[in-house]
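Residue numbers (my numbering), protein chains in the order written: chain A, 13 to 186; chain B, 33 to 536.
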């Protein structure tokens with residue numbers, strides 16, 4: 013273990029420089045982040061992830077955000093265990109009928125002000141699963157959505173760009 | 033004793049079912065098959081329904097025979113298989129949920145995938161609304177000093193949803209009961225009537241971590257039904273993608289298991305290696321998870337000389353860095369203290385359930401579809417199937433470690449032997465109605481079975497996708513017994529069953 017740790021110290025971080033905030037995302041979230049956002053958030057965002065029917069692809073890329081290469085926590089963005097600790101609900105999947113109630117409960121358990129990010133093409137409009145007997149459709153069919161991040165799944169870099177746009181908008185909203 | 037082939041030949045053989053036989057049998061043969069399963073002579077590979085029939089895919093491991101038996105049930109009832117062979121229980125409950133066919137004398141009449149929220153579906157009209165645990169009849173538990181802990185459907189992390197009901201005595205788990213179905217998307221119903229191009233995309237979205245394996249399994253089943261041969265290069269490129277997917281998942285899992293034992297260093301290093309694999313896949317095939325790269329007829333992405341070099345460098349890089357992590361795992365006593373002896377699964381249970389993948393192999397079950405039911409190009413690769421006997425979390429980590437090493441060797445061999453030529457063949461999907469195909473592919477988690485029937489127009493009439501998790505989830509309930517609740521994440525991650533693949 014010692015040699016691995018020493019090597020890590022000598023080599024310097026693997027973490028890559030921050031990407032630029034996503035312009036499209038910036039426009040979408042700017043409106044949602046007026047008012048007290050800055051005071052409330054500072055430069056930190058707590059995210060509660062809810063899989064409301066995803067195939068697990070989006071979750072894999074969310075996990076990647078935590079690896080040393082993307083290291084999302086350096087921006088003050090962290091995934092938390094409880095919706096009560098969260099500023100953002102990040103929802104994936106076409107919202108199955110079997111998950112609808114759990115999603116609503118998670119949303120209502122969050123303190124205000126709160127935002128919802130719909131991650132992936134399924135979360136936008138149900139994606140390929142739209143129209144089936146078992147799915148409700150996009151996340152916005154169940155709870156209000158402030159930011160959509162497209163992709164199947166969106167790459168970690170893309171997710172990061174969108175979240176940085178959210179932070180930037182929060183900064184300027186103050 | 034009749035062999036599986038004898039039984040199939042004695043029934044009414046269905047023409048156009050490839051590559052294995054499908055045979056329509058009577059209720060007495062159906063019951064005999066159930067008995068063979070109960071006695072452990074054959075293994076249940078799959079069990080699914082349609083409007084007025086039920087099908088069982090069977091494996092005779094000793095003779096390596098595979099086949100499908102069908103029981104027509106115009107009266108809407110069939111003799112319960114679970115009554116004699118418990119591993120069939122959840123599949124049978126799902127057949128009832130999705131098609132309204134009633135298993136007679138079934139040991140468990142509760143719904144499984146249905147939470148009572150699709151009132152228009154057959155079999156669902158009378159299911160009480162049980163969406164959130166509380167409406168569902170969990171098994172009764174009696175005893176002194178027992179308490180229950182309810183977890184989920186939303187878990188404390190970036191995890192798929194499912195509900196776990198623990199009954200504990202102090203810290204020790206005396207029973208775990210799973211409640212799944214939360215991410216049921218109705219994939220099989222969405223496939224009905226879809227053309228092959230759309231259907232393979234749906235298959236590739238059944239379980240995101242196995243998108244290659246699912247697309248491969250679906251495509252092979254479709255090609256079997258069409259009687260279609262694909263170019264040699266496509267076969268090898270498919271295997272290349274499948275092995276990259278396997279390595280990426282195993283690396284992620286090894287790190288995550290160690291992280292659940294509070295050893296974050298492994299997660300960090302394995303996460304970096306996993307990222308290298310995904311980036312290489314992105315550059316070579318245009319998608320980090322290689323989604324939609326495999327289609328009936330071949331593959332959609334060609335590998336150029338730069339790609340070959342990239343993958344060779346990737347193999348070299350992982351070979352240089354991975355052994356140090358393996359050594360770290362092996363020599364960290366505090367980590368071993370958590371993984372050794374934890375979450376033991378017996379070989380008997382693994383065999384009874386036909387449990388595949390690293391879970392089965394970690395308990396000593398020698399089954400890997402790449403070798404037992406070989407498909408190209410694995411019959412031309414040097415390989416060594418390794419199993420472990422301990423059946424604990426540690427054994428499941430070691431199987432993954434060996435499989436990473438094995439897959440690195442596969443990638444090297446594939447790059448060395450891959451023929452030149454076209455990467456897909458064009459085909460007409462129209463033809464006779466009732467063409468059927470089945471394929472079994474070894475995904476990283478275990479064997480994925482896809483069965484389908486095509487219409488005359490070449491669309492999907494009925495397709496069934498069976499995730500390996502169907503025969504693994506129930507065993508997690510067994511493996512956790514007697515362990516402390518705090519070790520559940522560790523056990524769960526070492527199984528890493530799919531929620532989406534199971535719920536469909």
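Glycine included, each C-beta is placed from N, C-alpha and C at the ideal position.
The C-alpha of residue 415/B is placed about 9 angstroms away from the C-alpha of residue 403/B. Neighbourhood of residue 62/A in chain B, by CB distance below 7 angstroms: 186, in chain order. Note: residue 201/B is bridge-paired with 178/B and 204/B in the DSSP secondary-structure output. Excluding sequence positions up to five before and after residue 306/B, its CB lies within less than 7 angstroms of the CB of 280, 283 and 284, all in the same chain and listed in chain order. Per DSSP, residue 64/B lies in no beta strand (DSSP E); the unbroken alpha helix (DSSP H) holding it starts and ends at 59 to 70. Between residue 475/B and chain A, the shortest Cβ-Cβ separation is not below 8 angstroms.
Taking 8 angstroms as the cut-off, the Cβ atoms of residue 65/B and residue 55/B do not count as close.
Rounded to the nearest angstrom, the Cβ distance from residue 240/B to residue 532/B is 7 angstroms, consistent with a contact under 8 angstroms. Its Cα nearest to that of residue 72/B, the residue 387/B stands out among 135/B, 434/B, 167/B and 387/B. Distances from the alpha-carbon of residue 129/B to those of 198/B, 221/B, 392/B and 180/B put 221/B closest. A contact between stretches requires three or more CB pairs, one per stretch, nearer than 8 angstroms, and the stretch 94 to 111 of chain A meets this requirement with the stretch 137 to 148 of chain A. For residue 19/A, the enclosing alpha helix (DSSP H) begins and ends at 14 to 23. Against residue 304/B, the close residues of chain A are 26, 79, 80 and 81, in the order they occur along the chain (beta-carbon pairs closer than 7 angstroms). The DSSP-derived three-state label of residue 76/A is helix.
The three-state secondary structure of residue 322/B, taken from DSSP, is coil. Sequence-distant Cβ neighbours of residue 67/B in its own chain, meaning closer than 8 angstroms and more than five residues away, are 116.
The Cβ atoms of residue 205/B and residue 512/B lie closer than 8 angstroms to each other. Spanning the alpha carbons of residue 523/B and residue 503/B requires a straight line of approximately 16 angstroms. Looking at the backbone, the Cα of residue 91/B and that of residue 77/B are separated by about 6 angstroms. Straight through space, the alpha carbons of residue 374/B and residue 425/B are spaced by roughly 6 angstroms.
Contact annotation: residue 152/A and residue 130/A have beta-carbon atoms nearer than 8 angstroms.
Of all residues in the stretch 97 to 109 of chain A, only 105, 106, 108 and 109 place a beta-carbon less than 8 angstroms from a beta-carbon of chain B. In its chain, beyond the 5 residues on either side, 263 have a beta carbon closer than 6 angstroms to the beta carbon of residue 454/B. Taken through DSSP and simplified to helix, strand or coil, residue 60/A comes out as strand. When secondary structure is reduced to three states using DSSP, residue 69/A falls in the helix class. Just so you know, the alpha carbons of residue 170/B and residue 199/B end up roughly 11 angstroms apart. The beta-carbon distance between residue 89/B and residue 100/B, rounded to whole angstroms, is 5 angstroms. This is short enough to meet the 8 angstroms contact definition. Comparing alpha-carbon positions, the option among 212/B, 123/B, 290/B and 251/B lying closest to residue 428/B turns out to be 290/B. Interface with chain B (8 angstroms Cβ-Cβ cutoff): residue 150/A is excluded.
Distance from the CA atom of residue 112/B to the CA atom of residue 500/B, rounded to whole angstroms, is 22 angstroms.
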